[in-house]
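Asker: This is the structure I want to talk about, given as structure tokens.
In my numbering, the protein residues as written are 6 to 195.
Structure representation (structure tokens):
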């Protein structure tokens, strides 16, 4: 498709998509691991399901993210959000037993809030970066990558969890946030 080639020929879009692909991989790997980890810690399927509920309920605040995004520089907000989310992931290194399981709920709530703010900023930034005729295809490319990663990343996350534990998955995800932030630093966009 000619428009898709036009999008991918742009170094700024390629850089943004590369960073976002890595970050989305970490996201999809981590979300399933948090529920599995909760089940392992507590033995409760309800406690594990509550991880997904907390993640979903936090999304009700997503419109507030738009208000924040409208008032701040998009790229800097995205960088700050991903650096902060890397730190949030490191909170999981303090989860060692059932009594620490509450930290998983705190992390998933902060994760959801940060993700909503980041998504709103990314959408606004893409709209500012691209002419209208390329925006639809750029969003399509992003969605195609996102949906593809939803298939493989949870398997990779669960595999790493079974081999090395939740802390290892948290560190990998923190690393994906930092790499994404670095790609945003390199992005020639204000």
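Quick reminder that beta carbons are idealized off the backbone N, C-alpha and C, glycines included. None of these values were measured; they are calculated from a predicted model.
Within its chain, find whatever has a CB closer than 6 angstroms to the CB of residue 135; leave out the 5 residues flanking it on each side and keep chain order.
Answerer: Against the chain shown, residue 135 aligns to sequence position 130. Answer for residue 135: 143, listed in chain order.
Asker: Residue 74 and residue 82: beta carbons closer than 8 angstroms?
Answerer: Translated into positions along the chain shown, residue 74 becomes position 69. Translated into positions along the chain shown, residue 82 becomes position 77. Their beta carbons are under 8 angstroms apart, which means residue 74 touches residue 82 by this criterion.
Asker: How big is the Cα-Cα spacing for residue 49 and residue 56?
Answerer: On the chain shown, position 44 is the one that residue 49 refers to. On the chain shown, position 51 is the one that residue 56 refers to. If I take the Cα positions, the gap works out to 11 angstroms.
Asker: Is residue 48 helix, strand or coil by DSSP?
Answerer: If you number the chain shown from 1, residue 48 lands on position 43. Of the three classes helix, strand and coil, the one that applies to residue 48 here is coil, per DSSP.
Asker: Using only the alpha-carbon positions, how far apart do residue 104 and residue 114 sit?
Answerer: For the purposes of this step, residue 104 is taken as residue 99 along the chain shown, with counting starting at 1. For the purposes of this step, residue 114 is taken as residue 109 along the chain shown, with counting starting at 1. If you take the alpha carbons of residue 104 and residue 114, they lie about 18 angstroms apart.
Asker: Taking residue 99 as part of the alpha helix (DSSP H), name the residues at either end of that continuous run.
Answerer: Position 94 of the chain shown, counted from the first residue, corresponds to residue 99. Segment: none, residue 99 is in no alpha helix (DSSP H) and carries neither H nor E.
Asker: Under DSSP, the alpha helix (DSSP H) around residue 68 begins and ends at which residues?
Answerer: The residue you call residue 68 lines up with position 63 of the chain shown. Residues 67 to 76.
Asker: Short check: CB of residue 182 to CB of residue 64, under 8 angstroms?
Answerer: Working through the chain shown from its first residue, we reach residue 182 at position 177. Working through the chain shown from its first residue, we reach residue 64 at position 59. Their beta carbons are not under 8 angstroms apart, which means residue 182 does not touch residue 64 by this criterion.
Asker: Are residue 87 and residue 123 close, meaning C-beta to C-beta below 8 angstroms?
Answerer: Here the question's residue 87 lines up with position 82 in the chain shown. Here the question's residue 123 lines up with position 118 in the chain shown. Yes, the Cβ-Cβ distance between residue 87 and residue 123 is below 8 angstroms.
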